[in-house]
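Note that this note's numbering has the sequence shown beginning at 1, numbered continuously upward.
Ideal Cβ positions, reconstructed from N, Cα and C, are used throughout, including at glycine.
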Amino acid sequence: MENNENKNSPARIKANNRYNQKHYKHITLNVKNEDYQEFMKHIGEMGCSINAFFIKSAKYCLENKIDVTKIK
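This is how it looks when you write it as structure tokens:
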């Protein structure tokens, strides 16, 4: 029998937080308002998360050796 009541129990939340602290780092981005609006529109049209958009974009640049310092 499935028990959804304990899905987000305090113990599970604590375990998830421990896992996330061990396996992930946080990055904060500052973007101009007009860039933010453009990003959000595009991300919404693609149907992906903000996180997925930036991670996939960064990985694409790395894998294809794109020098982003030369992009306006």
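Given a cut-off of 7 Å on the beta-carbon distance, is the pair residue i and residue j in contact?
i: PHE53; j: ILE43; result: yes
Counting along the chain, where does the alpha helix (DSSP H) carrying residue i start and finish?
i: LEU62; result: 50-63
i: ASN33; result: 33-46
i: ILE66; result: It is not in any alpha helix (DSSP H) - ILE66 carries neither H nor E in the DSSP assignment.
i: HIS23; result: 10-23
Checking contacts by CB at 7 Å: is residue i closer than that to chain D?
i: VAL31; result: In the structure shown, chain D cannot be found, because there is only a single protein chain.
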